[in-house]
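**Q** Would you mind keeping the following structure in view while I ask a few things?
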């Protein structure tokens, strides 16, 4: 609302000046606190590094004691100390989640020395959710373009799609690196998968149009439609599974959905495995088809390069997923064996307890029987004694 006179403006200015003085005081306090926070952060990081250094020395000595000590008591103490060391490392990791972290090499190359640590917990979750939404939206757009390309052959549409793939995977690798700095556990192969996919998309973008290109175009679009469908299924089911596991305390809050199969998906998401392996077979088939096309007289270097990259993706995905399945089956068998041993031990213990109780009961019955027989014998002997003494006493009285 505008003022009607100059005097009103001057009054408003004086009032605003008083508020500005208060703002200056608050801002000065903020700067002082911020400087104090920076000092505390540096002190915490220094102490954490010192703790890790000393923990490493203790851990090395503990391993030596565990392997060389002949005294069982020393070995038990060393094992207990090893458990305490593991617990302390986990505690230090939890502390480190709320402190600035150093960027990895990739982020240093892309962003320089800018610190990307998100110290506020809510802001971290918000960034993670934005990452998930980004993947979902781009996956839907990718699927729509791939389906359209199946029915319409247009070079501009192909270039838009391939450029979008390059931009998507480049952005994905940067966001995943930022998430790793802020506590997300993204396995090495899945990050490497995105880097390789970024290079593959770039080679597709510069692949010149020709007979070989058109021979592979339809197969590539079908592959993209299938992969987009599988990734959408993975996202929807992984999100629900992660929510449940986080509520149970079995997963961390910064864990994200991924392409492929991870150990935490073993419970509830094994039905996705056939779809994943079909996708891996499709990648092998792409590598084989591109290898055959590389023998074509008009084939360029992009053809054999794409063949090698598809083969690397197929082999890496297959081995990684198969190793996860093997590990989980092995863990399940170990768990089953332990429970079998435990059931056997409990059953043997119960049998022994039952046998001991039965033997004690039999011994008690025998004791009671002996007591009854003994009391009966003593009663009979007493009766016979009285019967023998009775006539003699009568004879004495008669005398």
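Residue numbers (this note's numbering): 646 to 1044. All C-beta atoms in this analysis are idealised placements derived from N, C-alpha and C, irrespective of residue type, glycine included. Given the structure is predicted, the values throughout are model-derived calculations rather than measurements.
#1: Residues in the same chain with beta-carbon distance under 8 Å from residue 804, minus the five sequence neighbours each way, listed in chain order, please.
#2: Pick out whichever of 743, 673 and 820 has its Cα sitting closest to the Cα of residue 693.
#3: Please go through the segment 698-785 and give each complete alpha helix (DSSP H) segment of 4 or more residues, from N-terminal end onward.
#4: Count the other C-beta atoms from every protein chain shown that fall within 10 angstroms of the C-beta of residue 838, then say buried if there are 16 or more, exposed otherwise.
#5: For the putative contact between residue 925 and residue 959, defined by C-beta atoms under 8 Å, what is the C-beta separation to the nearest angstrom?
#6: Use the C-beta contact count for residue 732: other C-beta atoms within 10 angstroms, 16 or more gives buried, fewer gives exposed.
#7: When the Cα atoms are used, what is the spatial distance from residue 669 to residue 647?
#8: Measure the CB-CB distance between residue 857 and residue 948 and report whether it falls below 8 Å.
#9: Quick one: grab the DSSP three-state call for residue 908.
#10: Given residue 723, which residues of its chain have a CB within under 6 Å of its CB, disregarding the five upstream and five downstream residues?
#11: Are the segment 824-842 and the segment 777-791 in contact at 8 Å, needing three or more beta carbon pairs?
#12: Using 8 Å for Cβ pairs, my map puts residue 869 next to residue 787. What's the rounded Cβ distance?
#13: Identify whether residue 692 lies in helix, strand or coil by the three-state DSSP scheme.
#14: Taking C-alpha atoms, which residue in 801, 797, 757 and 827 lies nearest to residue 770?
#15: In the DSSP assignment, find the alpha helix (DSSP H) that holds residue 839 and state where it starts and stops.
#16: Suppose contacts are defined by Cβ-Cβ distances below 8 Å. Is residue 814 in contact with residue 762 by that definition?
#17: Between 785, 686 and 793, which lies nearest to residue 880 when the distance is taken from Cα to Cα?
#18: Could you check the C-alpha separation between residue 663 and residue 655 for me, to the nearest Å?
#19: Is it the case that the Cβ atoms of residue 864 and residue 931 are separated by a distance below 8 Å?
#20: Please list the terminal residues of the continuous alpha helix (DSSP H) segment that includes residue 822.
#21: Answer yes or no: do residue 700 and residue 734 have a C-beta to C-beta separation smaller than 8 Å?
#22: For residue 650, count neighbouring C-beta atoms within 10 Å of its own C-beta (all shown protein chains included) and say buried if the count is 16 or more, exposed if not.
**A** So, from the listed chains and residues:
#1: For the purposes of this step, residue 804 is taken as residue 159 along the chain shown, with counting starting at 1. Taken in chain order, the residues that qualify are 850.
#2: Along the chain shown, one-based indexing puts residue 693 at 48. Among 743, 673 and 820, the Cα nearest to that of residue 693 is on 743.
#3: 717-741 and 750-756
#4: Start at 1 with the first residue of the chain shown, and residue 838 comes out as number 193. With 16 or more other Cβ atoms within 10 Å, it is buried.
#5: Taking the chain shown and counting its residues from 1, the one referred to as residue 925 is at position 280. Taking the chain shown and counting its residues from 1, the one referred to as residue 959 is at position 314. Going by Cβ atoms, the distance from residue 925 to residue 959 rounds to 5 Å, so yes, they are a contact pair.
#6: The residue given as residue 732 occupies position 87 in the chain shown. Exposed: under 16 other Cβ atoms inside 10 Å.
#7: By one-based count along the chain shown, residue 669 stands at place 24. By one-based count along the chain shown, residue 647 stands at place 2. Between residue 669 and residue 647, the C-alpha separation is close to 26 Å.
#8: What you label residue 857 is simply residue 212 of the chain shown in a count that begins at 1. What you label residue 948 is simply residue 303 of the chain shown in a count that begins at 1. In this structure, residue 948 lies closer than 8 Å to residue 857 by Cβ.
#9: By 1-based counting over the chain shown, the position of residue 908 is 263. Summary for residue 908: the model assigns pLDDT 49, below 50, so the residue's position carries little reliability, and this model does not support an answer.
#10: Counting from 1 along the chain shown, the entry for residue 723 is found at position 78. Closer than 6 Å at Cβ, skipping near neighbours: 707, 710 and 711.
#11: no
#12: Position 224 of the chain shown, counted from the first residue, corresponds to residue 869. Position 142 of the chain shown, counted from the first residue, corresponds to residue 787. At roughly 7 Å, the Cβ-Cβ gap stays under 8 Å, so residue 869 and residue 787 are in contact.
#13: Sequence index remark: in the chain shown, residue 692 carries index 47 (1-based). The answer is helix: DSSP assigns residue 692 an H, G or I state.
#14: Within the chain shown, the letter at position 125 stands for residue 770. Per the Cα distances, 827.
#15: Counting from one through the chain shown, the residue named residue 839 turns up at place 194. Its alpha helix (DSSP H) spans residues 833-850.
#16: In the chain shown, the residue the question calls residue 814 occupies position 169. In the chain shown, the residue the question calls residue 762 occupies position 117. No; because the gap between Cβ atoms is not below 8 Å, this pair is not in contact.
#17: Locating residue 880 in the chain shown gives position 235, where the first residue counts as 1. Of the listed residues, the one whose Cα sits closest to residue 880 is 785.
#18: Residue numbering aside, residue 663 sits at position 18 when the chain shown is read from its first letter. Residue numbering aside, residue 655 sits at position 10 when the chain shown is read from its first letter. Approximately 13 Å between the Cα atoms of the pair.
#19: The sequence position of residue 864 within the chain shown is 219, counting from 1. The sequence position of residue 931 within the chain shown is 286, counting from 1. Taking 8 Å as the Cβ cut-off, residue 864 and residue 931 qualify as a contacting pair.
#20: By 1-based counting over the chain shown, the position of residue 822 is 177. Taken as a continuous stretch (DSSP letters only), the alpha helix (DSSP H) holding residue 822 covers 800-826.
#21: For the purposes of this step, residue 700 is identified with residue 55 of the chain shown, where counting begins at 1. For the purposes of this step, residue 734 is identified with residue 89 of the chain shown, where counting begins at 1. Yes, they are a contact pair.
#22: If you number the chain shown from 1, residue 650 lands on position 5. Answer is exposed; the Cβ neighbour count stays below 16.
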